[in-house]
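Chains as they are written, first to last, in the numbering used here: chain R, 849 to 1264; chain X, 849 to 1264; chain L, 13 to 367; chain G, 13 to 367.
Note that the Cβ used here is the ideal one computed from N, Cα and C, for glycine as well.
Read the structure below first, then the notes.
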Ligand SMILES: Cc1ncc(C[n+]2csc(CCOP(=O)(O)OP(=O)(O)O)c2C)c(N)n1
Ligand SMILES: Cc1ncc(C[n+]2csc(CCOP(=O)(O)OP(=O)(O)O)c2C)c(N)n1
Ligand SMILES: [Mg+2]
Ligand SMILES: [Mg+2]
């Protein structure tokens, strides 16, 4: 035993703090961003230990000139239509967000959560999956639905909790569910679905099926214990699942340093489990798609799980209940070095000669008109407090497959 | 999207299995064991990333000739008495285990858990700590008490749940508690205390104290979610805590491959958090002590947590309720390549010329006589079903600091 | 064990000679085996349940018979076990997971409460969770505070769950098979003190075995007992005893020993509850004792007492009385002072009759 | 808001002019501030509670005042928050941790039930857990199923815990300060719909503010209300209403609107429970309504009903009646059909008086 402890300076607690707070000058100079095309692309069956570096870099495809470069660009082979669809999906999501935010301010709904700045992540990843695969999303992946051609009208009906909401007004707005579209019912409880995705993938493997699962989690939520459960199970049973981490730098008011602790990156978490872990530019549609496909292929070939960290930035508030200017400089999002995913994709299409500034302005207007038209349609059905709303008698349905006697009695007492 | 999924072979679930089961030939040839003295000893303030290799090796001090060799041996500087004490503590623990196992078979207690083969881990680690430091042990670290000179008699009184049991018979046998001896009350619930240890260490840092904490967990229990909570908190706040993982190859009937999954080692878990992670020969008293001191120094210098994986083997059953021959070859423990910690320490002392075969035989007899004498003393007080037992009226005490009215009423109703 | 009339009301089974003598462990294993044999979607996993067959051996032999992807060991992470089970159930399998002891279910509590119980509701029936969570419960084996708990009330308060507690091998099989076939999540609590034989609380008497008990006779093959049906274990006119699990046997012993003509109702399913059976009996007897091993305050007995006084107020001749575990952790050495044994139950019956 | 008589029985405070008008958020913050100022051992942490001051702003300004090692952001891991808190409490600090919504306490349930609640018992008093776990509870803000729950019964069943639910700023401060000074773990449930103003269930009427309510007046400085003491909010002779939190205000409104002379008892502390106050009132009125927002089955109302019928059987003129949240998840759009508002409570009162 050391005897001279008393000579040591006293201990003190380290509490990580972001570089800047409101009033300060936004500064992302510590974020190391490798040039597009510079990170290697290992074969999908490479030994996880051999690609450890990928957890500490950032895979990028689109360079400053809007060109798709490097090994991750090569296998993509997207048609012009696919490229334009990608852009359109992101633009649609942004327009949708704008309208729904406004609707919330007009009290047509109680709550909304937007994707501003993160559109590429869910819109691109959707295209890495096949029909029948299942996403276990958080509340910030509506692009999975939009890029999967889920009807905007149905989404809005959910936001308005009106009579056509397929979830019958039971869920908080944005907590969509669509089995057909490979979109698992969203939970309000963080991280719980990460392990469920692993279980779903295990079930597919147990059944000798060919479907894979994709789990979704935010940077802050990786701190939750179910994240660990998911990694333990996925690693042990080599479950065919893609473990997505969306690092948008913030968890409500809490900067990513609190959840990340001393590890350099969130992707690094995967390394402790022998799971390949890749870090990707989340504002780069093509990089997200390329890495998503790589991971999906691994899963489908029964090579097991992959961790993907999408490096992006939450430009808006956490939700309509949040005002980020209270805890970070208002201009911080402008300083974010990975740019706007829509702008970058637009520039790529222009560089390819299949798009133009004019067509973009046109498309923007057209998309907004479409979204607004659908919104009218949804509002004609009803909004939170007006129009056709789900019947309160529905409240007692679906608690169980068959309504047990005590709920029948309660429904009777309620008089619905 | 890939369109030709149907051409792929169907998925199948991987369920890890141990190399051998009963009937098979024990085989540890896959366990790579570096020679004693061959693993480097970085300075305590080295960058965690720079010592990544230590999570995949095994730090060893005692070689086959009983010599203490290499960089980890150098700083130890133990006196002859300290060396002999180490041996004596391990021998005492083994004798104690033998007697208590027997007592359980004689139904003097309901339950017991032994340490056979793992004596070095807790006996040596205890000597890396200072008075005032706090261990958060599992049920398999009684060496912390024995090496800390906690009275054997009190331990036995706890095993017998007799009138002198300081825990008043409330806890299952082996679930000791001693604040004075830096031994936190053991929980029956796995892993819960790992994060509590981190909290305790944080409290010490918050208070500007100089005390550190040591957390303990088994290989199987690292799968529990609170393990993750502990690593997240320890990594984030740089808590002055040593995070011990005792990998004794088995979790009841479940081999370590189930909890470990695809990662090479349990120590590797620490790497995902940027926490230095060391793997140690758990059957090597000097290696355990050297690494324990190194980690304790880091903590005390406010450099943060360290993960230590002790590679050892659970020679006995999980508990008196377990019969391991049902799930592993009975001879497996003989094949275990790291040897017997007591034998190795004995050989070291003999090599140093401060011990002999004769003295060992003598010591063995003497220790057993001592333990047996204490056992008689404890049994004279009482055992589970005989002699002086705690009063049932005590049952209602300590639920709260002050007994609330409803418990007073219940005690009255109970008639105690 | 006192003789009790067996009334098979509600049990749906092939009649005939297909009966076997089983312990409750064997009956549970038989239910799992039958379900796995009949339906490929049934998968069984949990800590130590694979090669070894579970610390209580309820799954012994299943891995060998159905292969390691149908019955396997899980990492020690209860939240992971239940969470993975939910994912599997949502995929379309029928997972039957084991929590090694009910005392260790709390790490999985969030997955059960926030997820399993609400999947159907929040997705309007699109995703469902046909999963069974089995766990040994109750004391009587000197297991101390972490191998003795009875957490049923923590599940009955959670809407969307069904909660089942069998009291014998016969029911254990029939109820477990119903639970596996149920479209919703079922918490299946197995009184561990009953695994190897009936137990009436006389811990100082020789242990008895299921093979000499009527209810150790278990139908072979497919056999279900519908969830939500209580059963009268002993008809009586003086007082109704509402209980379940181990306490059924204690209640029967107390009735025998006091000579009080108690009607002992084995609830079997706590949620949904067979309120009709309860009120019919209490209206007849006018007195009611509620009996469980779990701690008293906010235990399931509170709900029973609240319901009985509400439904049978005008026929009650005395307040509904509760006998339960004391409001303390389960103390190792004082197990038999803690356990509500036949003496305490008998006293309560006598006092209740004196009102 | 109906006027209600304020009875300060049991509140220990400096009398005089040291009173301030506060919302419940401010009162909670004031309690934390006062406690942190007086005792260095008090530390406050949880998700978003540091720099930002909590999503409901209950901890705003505390980090600035006491520094980041006394008030800080925690990773999003409720089990970690409570588990670390237990370690700190065992060290000798007095952690006050925040769970962002009561709906998110389940991941921490194991730490609370298996550890915090039993530390003192299992170590025979050697290690203790003087910790407060605060969390916003209840509905009324269109928060849907995961921002509306009232899990109090899941804690009252766990021996070793104390459970507190304030109904106004005055009590929130006094009870929270007692909770912080308490030597044992306290679950402190804050009805979020009351944070900014009293709420009687008339969601369609203009919101009112605490500043125009008597109980928005809060003593400054050190001020405690002992745990375990109920208070009569409205004396009455016709029927006793047992309730707590938001429902206190609903009960007062229903009494006012029906004209029924109800005695409304605000329990304030559910564990330990002020049984004397309860029985004294019910023996006087002969009728009892139990009222809470949590789901009915196995809710804390079951325990109250069970106790009342047991203790007051001979004076009860009607069965104890429970009004509570329906046994369904809290449905977003049907919030006001789910919430047991003044109409439903009024109906129940009327029916109870007709028996
Ligand atoms: C179990 C649980 N704890 C706390 C919350 C409250 N909460 C909702 S979102 C959020 C932040 C999540 O941040 P992150 O994971 O980074 O996702 P992001 O919102 O940035 O997409 C918190 C704390 C919750 N929903 N569930
Ligand atoms: C939360 C919880 N789950 C399950 C158990 C049952 N259990 C007790 S010990 C044990 C195995 C632990 O194995 P390991 O962590 O490797 O420790 P070892 O016994 O080998 O020292 C299990 C599953 C428990 N005590 N607590
Ligand atoms: Mg985030
Ligand atoms: Mg082990």
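- Of all residues in the stretch 80-105 of chain G, the ones placed with a Cβ closer than 9 Å to any Cβ belonging to chain R are 80, 81, 84, 85, 86, 87, 88, 89, 90, 91, 92, in chain order.
- Following the DSSP letters along the chain, one finds residue 983 (chain R) inside the beta strand (DSSP E) bounded by residues 982-984.
- The DSSP-derived three-state label of residue 84 (chain G) is strand.
- The beta-carbon separation of residue 984 (chain R) and residue 1032 (chain R), rounded to 5 Å, stays under the 8 Å limit for a contact.
- In this structure, residue 1166 (chain X) has its CB closer than 8 Å to one or more heavy atoms of ligand 2.
- DSSP places residue 58 (chain L) in the uninterrupted beta strand (DSSP E) bounded by 54-58.
- The contact set of residue 157 (chain L) on chain G, defined by CB atoms closer than 7 Å, consists of 130, 134 in chain order.
- Between the alpha carbons of residue 921 (chain R) and residue 1138 (chain R) lies a distance of about 7 Å.
- Setting aside the 5 residues that flank it on each side, residue 1044 (chain R) is surrounded in the same chain by 984, each with a C-beta closer than 7 Å to its C-beta; the list follows chain order.
- With respect to chain L, the C-beta atom of residue 860 (chain X) has a partner C-beta closer than 9 Å.
- Taking each of R:1190, R:1178, R:959 in turn and checking the Cα distance to residue 1169 (chain R), the smallest one comes out for R:959.
- Here residue 1155 (chain X) is buried, its C-beta having at least 16 other C-beta atoms within 10 Å.
- Distances from the alpha-carbon of residue 940 (chain X) to those of X:1107, X:990, X:911 put X:990 closest.
- Residue 119 (chain G) sits away from residue 57 (chain G), with the two beta carbons spaced by 9 Å or more.
- Under the Cβ criterion of 9 Å, residue 1247 (chain X) is counted among the residues facing chain G.
- Per the DSSP secondary-structure output, residue 1157 (chain X) pairs in a beta bridge with X:1093, X:1127.
- Against chain R, the beta carbon of residue 349 (chain G) has neighbours under 8 Å at 1240, 1243, 1262, 1264, listed in chain order.
- Contiguous alpha helix (DSSP H) elements confined to the stretch 135-200 of chain L occur at 164-168, 181-193, taking only those with 4 or more residues.
- Straight-line measurement puts the Cα of residue 1084 (chain X) at about 8 Å from the Cα of residue 1105 (chain R).
- DSSP, read as helix, strand or coil, puts residue 1179 (chain X) in coil.
- Pairing residue 942 (chain X) with residue 1234 (chain X), the inter-Cα distance amounts to about 26 Å.
- Taking the Cα positions, residue 68 (chain G) is about 26 Å away from residue 303 (chain G).
- Taking CB atoms only, residue 1015 (chain R) has a neighbour in chain L less than 9 Å away.
- For residue 106 (chain L), the enclosing beta strand (DSSP E) covers residues 106-110.
- With a 10 Å radius around the Cβ and a threshold of 16 neighbouring Cβ atoms, residue 938 (chain R) comes out buried.
- Around the beta carbon of residue 1203 (chain R), 16 or more other beta carbons sit within 10 angstroms, so the residue counts as buried.
- When the Cα atoms are used, residue 1000 (chain X) and residue 971 (chain X) turn out to be separated by approximately 14 Å.
- Between residue 1041 (chain R) and residue 998 (chain R), the alpha-carbon positions lie close to 21 Å from each other.
- Using beta-carbon distances, residue 125 (chain L) counts as an interface residue toward chain G, with a partner under 9 Å.
- Against chain G, the CB of residue 961 (chain R) has no partner CB under 9 Å away; the residue lies outside that interface.
- Under a criterion of Cβ atoms nearer than 7 Å, no residue of chain X is adjacent to residue 284 (chain L); the nearest Cβ is some 30 Å distant.
- Under a 10 Å Cβ-count criterion, residue 202 (chain L) is classified as buried, with 16 or more other Cβ atoms of the shown protein chains found around its own Cβ.
- Between residue 127 (chain L) and residue 1035 (chain R), the beta carbon gap of about 6 Å places them in contact (Cβ cut-off 8 Å).
- The beta-bridge partner set that DSSP reports for residue 1084 (chain R) is empty.
- In this structure, residue 1170 (chain R) has its beta carbon at no less than 8 Å from each heavy atom of ligand 3.
- Collapsing the DSSP output to three states places residue 1098 (chain R) in a strand.
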